[in-house]
Amino acid sequence: MCTASARPGRNLLHVPDVGAERVFIIITTFDRASYLQQLLHSIALLDPRPDGVVVVDNASTDETPEILAAAELPFPLVVERLPQNIGGSGGFAAGMVRALAEGARWLWLMDDDVVALPDALASFQPWMRRYSCIHGRRYDAAGEPFFWQHLLNDTLGVHLPVRGDVFVDSPVFHTNVGCFEGMLVSADVVREIGLPDARFFLNGDDTTYGWLISQRYPVAYVDSFVLRKTRAQRQIDLGVRHLNDSSDLSRFCGMRNRGHLAHYLQLHDRFSRVGFGLGTALSAGKEIVRLIAVERSLSGLGALWRGWRAARIILHDPTWRPEPPLTESSGAAGASR
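Numbers 1 to 337, taken from the UniProt record's numbering, label the letters of the sequence shown in order.
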């Protein structure tokens with residue numbers, strides 16, 4: 001990851017070589033064979049086509065290996081089966097290393113519980129001439145627009161939703177966070193910023209990665225639908241925020257990873273101890289509301305408490321270091337951390 005505390009050239013427009021797009025799709029999957037099969041089928045129908053697909057199998061125990069072995073795509077399929085589950089962040093890091101080795105110029109990251117819309121890459125192409133980190137819109141499992149329009153508040157260390165229609169005056173919204181459920185990023189930016197921090201495992205890894213990119217280049221959210229979620233989730237609309245159901249693992253990681261986020265904010269001189277403490281309280285409060293309003297249970301409080309304690313240990317760890325810059329020799333090591 002970028003280790004500089006200053007922000008030289010922040011938000012400079014980065015224009016990749018659009019004459020050689022070479023888009024590779026990177027999918028991280030774990031024990032969701034049926035969802036993965038739907039996703040692979042949708043990718044086969046993309047027009048224009050990607051140049052290849054890298055699927056990172058996080059040591060799945062279901063039929064995922066058989067699904068991948070039987071897959072027939074009109075472009076190369078590369079399978080990286082890991083010996084153990086290293087989470088979404090580790091899986092995407094491993095997939096990005098492999099895609100770069102395959103000559104990718106663009107990396108389109110996505111979870112396994114979505115399908116790609118047939119004209120997705122065509123929708124991206126006009127924006128690839130202006131931006132090097134792009135997010136398209138998504139539908140939820142019911143076919144309704146999925147809510148995702150956030151900005152990270154540096155003082156609180158919390159991504160806050162932007163109310164209203166962010167596309168009412170422009171087809172592009174500049175954000176400062178990322179989402180691995182659809183992020184399209186140029187290979188040049190990945191080499192400069194580095195790989196996602198595998199220590200996050202899940203929850204907050206993409207937010208932080210997008211924030212790190214935004215310290216140097218614009219991160220665009222564009223008014224073009226490119227994905228549809230296939231996994232239905234319980235959710236509520238609170239007016240100022242949408243909340244989906246979650247899991248104890250996600251709750252634990254979300255709280256724990258605030259320790260890692262705090263260190264990255266410190267590296268960029270954006271850390272406020274008081275503000276970040278308030279942000280941690282707000283994060284815990286949001287999860288409690290999620291438990292009560294969405295999941296109608298308080299059984300996840302223990303995971304929140306354990307995550308908070310783990311975050312404090314990380315925050316006060318004098319040996320903590322950011323993920324190293326991406327190099328030929330360190331890429332694979334960073335991905336398997």
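In this text, a Cβ means the ideal position worked out from N, Cα and C, and glycines have one as well. Owing to the predicted nature of the structure, the values given are computational and were not obtained by experimental measurement.
Following the DSSP letters along the chain, one finds T64 inside the alpha helix (DSSP H) bounded by residues T64 to A70.
In this structure A71 touches L40 by the C-beta definition: roughly 5 Å separates them, less than 8 Å.
If you compare the alpha carbons of S283, E192, F146 and F276 with that of K229, the shortest gap goes to F146. N85 is the residue among P74, R22, N85 and L77 whose C-alpha sits nearest the C-alpha of S60. For R49, there is no enclosing alpha helix (DSSP H), as DSSP marks it with neither H nor E.
When rounded, the separation of the alpha-carbon atoms in P118 and L184 is 16 Å. With fewer than 16 other CB atoms across the displayed protein chains lying within 10 angstroms of its CB, T319 is exposed. Here the stretch 22 to 38 makes contact with the stretch 96 to 115; the two share three or more CB pairs at distances below 8 Å. Secondary structure note for M255: its alpha helix (DSSP H) is the uninterrupted segment D248 to R256. Shown here, I213 sits in a helix according to DSSP, grouped into three states.
Taking the Cα positions, A293 is about 39 Å away from S186.
Counting only residues of its own chain and dropping the five nearest sequence neighbours on each side, E80 has a CB closer than 8 Å to the CB of V54, V55, V56, D57, A94, G95 and R98.
Nearest to H159 by C-alpha distance, out of G254, G307, R273 and L315, is G254.
Rounded to whole angstroms, the Cβ separation of Q149 and V172 is 12 Å, and the two are not in contact under 8 Å.
Contact check for G277 against A310 fails: the beta carbons are separated by 8 Å or more. The three-state reading of DSSP puts H316 in coil, since its state is none of H, G, I, E or B. Setting aside the 5 residues that flank it on each side, G90 is surrounded in the same chain by A198, each with a C-beta closer than 6 Å to its C-beta; the list follows chain order. The residue among E63, E181 and P161 with its C-alpha nearest the C-alpha of I27 is E181. Residues S246, R251, G254, M255, G300 and L304 of the same chain have their beta carbon placed closer than 8 Å to that of E287, with the five preceding and five following residues left out of the count. Contact between I43 and L73 holds, since their C-beta atoms are separated by about 7 Å, short of 8 Å.
Take the alpha-carbon of T280 and the one of Q125: they are about 38 Å apart.
With distances taken between CA atoms, A104 lies nearest to I25 out of I25, T175 and L315. Cβ atoms of L151 and T175 come within 8 Å of each other, at about 6 Å. When DSSP states are grouped into helix, strand and coil, D57 belongs to the strand group. Counting of Cβ neighbours within 10 angstroms places S132 among the buried residues, the total reaching 16 or more. By the neighbour-count criterion, in which a residue is buried when 16 or more other Cβ atoms sit within 10 angstroms of its Cβ, D51 is buried.
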